[in-house]
Amino acid sequence: MKLSEALALNRTGIRHVVESHRATLMHVAAIQEELQRLLGVSVDGLTPNALLEAFRSQVLAEALPMWARHCAPAFLPDESASERHLPQTCDRYLTKHLH
């Protein structure tokens, strides 16, 4: 199954996992582990500063719709933005870098 398909099928479950944890490094590890079980693929849980600088701004710009509702609702201009799928460029990057 493609990552984009796994994300689409499990969007509600992903939100539940993320919303049930806080934002400490230990919680990021717990989120990563739960998402791996849910999606059946390796997931890298990273904080923004852990991303390669060359990709950081693009990944953060594309990732915003997935975490904005829980972590920073003020960044979401409208409800429809939170329902978008992960953009293809981010999907390709994640697929290439998942082990």
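With positions in the sequence shown counted from 1, the corresponding number in this note's numbering is that position plus 582.
A virtual CB, placed ideally from N, CA and C, is assigned to each residue, including glycine.
Please read all numbers here as calculations on a predicted model, not as lab measurements.
- Between Leu621 and Ala590, the CB-CB gap reaches or exceeds 7 Å.
- Assigned with DSSP and collapsed to three states, Thr629 falls in coil, not helix or strand.
- Take Leu617, set aside five residues on each side of it, and the residues of its chain with a beta-carbon closer than 7 Å to its own are Ile596, Val599, Val625, in chain order.
- In this structure, the alpha-carbon of Val610 lies about 23 Å from that of Lys584.
- Under the three-state reduction of DSSP output, Val623 falls in the coil class, being neither helix nor strand.
- Under the three-state reduction of DSSP output, Leu634 falls in the coil class, being neither helix nor strand.
- Between the alpha carbons of Thr594 and Ala636 lies a gap of roughly 30 Å.
- Going by DSSP, Ser586 is part of the alpha helix (DSSP H) stretching over 585-591.
- Glu644 counts as buried, since at least 16 other C-beta atoms from the protein chains shown sit within 10 angstroms of its C-beta.
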